[in-house]
Amino acid sequence: MGIKNGDQYVDRLRQMKRNVYVRGKTVPRDDPLFSSALSITRLTFDAAFSDAYRPLVVTKSHLLGEEINRFNHLHQSPDDLLRKQEMVRVLAPLAGGCIQRCMSNDVLNALGIVTKEIDEAKGTEYHDRFLQYVKEYQKNDLIAAGCQTDVKGDRSKRPHQQVDPDLYLRIVEKRRDGIVVQGAKMHSTIAAYVDELLVIPTRALTPQDEDWAVAFAIPADTEGIKLITRVTAPRGRIECKAPYSETAGWADSVTVFDHVFVPNERVFMCGEREFGARLALLFANNHRHSYTGCKPGVTDIIMGACALAAEYSGVGNAPHIRDEITELMVIAELVYASGIAASVKAKQTSSGIWEPAFLYSNTGRYLAGKNIYHEYDTLTSISGGLPSTLPFEEDWLNPETRGYLEKYMMRNPEVTADKQHRLFRFISDFSCSAVGGVMQYAGVHGGGSPIMELIGIRSQYDLESRKKLVRHLAGIEEYDTETKKQLARNLAHMDD
Ligand SMILES: Cc1cc2nc3c(=O)[nH]c(=O)nc-3n(C[C@H](O)[C@H](O)[C@H](O)COP(=O)(O)OP(=O)(O)OC[C@H]3O[C@@H](n4cnc5c(N)ncnc54)[C@H](O)[C@@H]3O)c2cc1C
């Protein structure tokens with residue numbers, strides 16, 4: 199019991215049944231294919247034992263009264279949200295840009311809030327059931343994938359309107375002791391190397407969509423679950439080993455549920471379709487808040503790489519480059535500031551769990567998503583073409599060609615050819631490789647595509663107050679003191 203280290207976590211994976219499919223066959227969860235991906239999830243465990251990171255990663259459970267890993271914590275204050283954001287900002291760049299374990303924390307917090315709200319509205323007993331589950335989860339220091347995104351079929355249609363009802367995961371049978379579910383979730387990051395899957399709906403659900411209103415937790419190797427997995431690992435290195443090339447991998451799965459039985463004690467929503475939207479949005483809100491930690495972390499890497507590339511090329515002081523890098527600072531810190539605002543303006547829910555302020559987590563995530571290709575564009579521009587044409591490491595190591603490469607790779611004479619080579623190989627791996635490509639897509643769509651944040655922001659934003667303000671400025675309307683006071687409150691989000 200208690201906080202586990204990375205070895206203990208991987209030992210657990212070794213005990214699991216084989217249901218992970220990669221390149222046409224099943225593979226064990228500790229297959230070398232996953233070594234770089236596993237090094238990231240391991241980091242989230244080992245950080246709890248590291249003098250450098252322990253203060254970020256260890257906290258006290260309000261349920262157990264014991265120390266736990268913060269990735270398993272239910273936020274008990276705005277400060278908890280701030281600490282999570284800081285933890286993610288520090289660990290994500292160490293992992294090459296995505297720390298991967300925040301998903302589970304974000305689903306746990308969303309479920310903690312919604313199970314209570316369903317109970318209050320419907321007289322159900324999901325919340326206690328959920329807290330029992332979380333206690334075991336925390337005691338054993340488990341790790342889970344968040345499986346929200348359904349395959350969704352025709353995007354213009356609701357679940358019950360799809361030609362195949364399994365295009366959104368649904369309940370196909372209710373038994374006395376549990377439910378049977380059928381369908382698939384897409385893009386499930388880390389599902390291939392976790393203990394548990396946490397499953398929640400993707401979207402708002404209509405009265406005809408009751409069968410699709412389902413949330414539960416399930417061991418990832420349960421009978422009927424198949425994880426069809428695509429692994430993305432950094433390019434291997436022969437001698438020029440570097441932390442990034444050992445740690446920046448990940449894997450995402452098409453997570454198939456083929457008639458999977460879920461016992462009652464693991465079911466947290468079963469037909470309460472009115473809460474589909476609340477649960478989907480709450481998870482998105484928490485996850486977008488996590489993004490306000492990791493995305494500035496990605497920008498930290500891009501910014502550092504830009505500055506070093508410029509320095510190594512002898513143009514570190516060029517005014518246009520300094521401006522471009524300063525703009526990266528602005529993006530990183532505005533995104534980070536949104537997360538801080540979302541924490542400071544968080545609200546306590548009836549469950550006692552604090553919910554980030556939706557407006558700020560969404561504006562931050564939107565800003566990050568819209569800028570991701572711009573940031574890579576800045577890196578590409580400052581780095582020149584070398585990251586895309588750099589010869590193979592074998593040619594750097596070959597005595598016949600090494601001398602030429604050393605001679606012709608030199609730029610700023612104060613920086614050795616070896617350092618030049620290492621930096622540009624890193625930039626190549628980070629920005630124009632399979633991992634780099636996935637990171638760019640993740641930067642846009644992870645946690646919800648930018649359009650989803652816009653829809654969310656617009657639906658909650660008080661545009662009427664801004665119109666009211668302009669009616670005043672234009673002399674169209676005059677307001678009494680009470681109206682002015684309320685308008686002031688609305689404009690400054692004092693009541694939010
Ligand atoms: C690397 C990566 C990792 C991820 N990890 C996870 C994970 O661990 N767990 C998880 O649950 N999800 C995960 N996701 C999924 C992510 O949340 C989705 O990619 C995102 O929500 C977009 O959904 P989609 O990919 O199905 O795109 P689509 O739904 O196909 O959206 C593409 C575009 O289509 C348009 N569109 C879609 N629906 C509509 C509509 N109804 N009306 C009008 N226009 C529409 C929008 O312009 C949208 O931008 C991950 C995604 C990526 C890229």
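Start counting the sequence shown at 199; every next residue gets the next number (my numbering). The C-beta atom is built at its ideal place from N, Cα and C for all residues, glycine as well.
How many Å lie between residue i and residue j at the Cα?
| i | j | result |
| --- | --- | --- |
| residue 344 | residue 679 | 49 Å |
| residue 342 | residue 405 | 30 Å |
| residue 691 | residue 559 | 14 Å |
| residue 696 | residue 312 | Outside the displayed span of the chain (199 to 694) sits residue 696, for which this structure offers no information. |
| residue 205 | residue 536 | 36 Å |
| residue 485 | residue 553 | 11 Å |
| residue 390 | residue 361 | 29 Å |
| residue 489 | residue 269 | 14 Å |
| residue 548 | residue 316 | 11 Å |
| residue 429 | residue 245 | 24 Å |
| residue 565 | residue 605 | 42 Å |
| residue 584 | residue 619 | 10 Å |
| residue 578 | residue 651 | 27 Å |
| residue 686 | residue 530 | 30 Å |
| residue 503 | residue 637 | 16 Å |
| residue 414 | residue 355 | 24 Å |
| residue 574 | residue 500 | 7 Å |
| residue 271 | residue 280 | 13 Å |
| residue 677 | residue 684 | 10 Å |
| residue 523 | residue 505 | 7 Å |
| residue 483 | residue 556 | 6 Å |
| residue 330 | residue 336 | 10 Å |
| residue 282 | residue 318 | 28 Å |
State yes or no: is the C-beta of residue i nearer than 7 Å to some heavy atom of ligand 1?
| i | result |
| --- | --- |
| residue 409 | no |
| residue 383 | yes |
| residue 450 | yes |
| residue 351 | no |
| residue 220 | no |
| residue 345 | yes |
| residue 646 | yes |
| residue 649 | yes |
| residue 387 | yes |
| residue 640 | yes |
| residue 488 | no |
| residue 643 | yes |
| residue 275 | no |
| residue 536 | no |
| residue 467 | no |
| residue 354 | yes |
| residue 528 | no |
| residue 301 | yes |
| residue 633 | no |
CB residue i to CB residue j, shorter than 8 Å?
| i | j | result |
| --- | --- | --- |
| residue 276 | residue 541 | yes |
| residue 431 | residue 234 | yes |
| residue 436 | residue 409 | no |
| residue 395 | residue 219 | no |
| residue 217 | residue 273 | no |
| residue 465 | residue 321 | no |
| residue 448 | residue 300 | no |
| residue 294 | residue 446 | yes |
| residue 442 | residue 627 | yes |
| residue 588 | residue 624 | no |
| residue 453 | residue 423 | yes |
| residue 339 | residue 201 | yes |
| residue 314 | residue 262 | no |
| residue 468 | residue 591 | no |
| residue 416 | residue 378 | no |
| residue 252 | residue 207 | no |
| residue 382 | residue 455 | yes |
Grab me the residues of residue i's own chain with a C-beta within less than 8 Å of its C-beta, minus the 5 sequence neighbours each way, in chain order.
| i | result |
| --- | --- |
| residue 400 | 346, 347, 348, 350, 366, 478 |
| residue 284 | 254, 491 |
| residue 669 | 675 |
| residue 242 | 255, 267, 269, 289, 297, 298, 299, 341 |
| residue 398 | 305, 308, 309, 344, 345, 346, 413, 467, 477, 478, 481 |
What does a CB cutoff of less than 6 Å around residue i pick up in its chain, not counting 5 residues either side in sequence?
| i | result |
| --- | --- |
| residue 567 | 642, 648 |
| residue 586 | 630 |
| residue 654 | 560 |
| residue 190 | Residue 190 lies beyond the residue range present for the chain, which begins at 199 and ends at 694; the question has no answer from this structure. |
| residue 471 | 403, 407, 408, 411 |
| residue 427 | 218, 220, 390, 449, 451 |
Please determine whether the Cβ atom of residue i lies at a distance below 7 Å from any heavy atom of ligand 3.
| i | result |
| --- | --- |
| residue 563 | The model on display carries ligand 1 but not ligand 3. |
Looking only at its chain, what residues have a beta carbon closer than 7 Å to the beta carbon of residue i, apart from the 5 residues adjacent to it on each side?
| i | result |
| --- | --- |
| residue 571 | 638 |
| residue 595 | 436, 437 |
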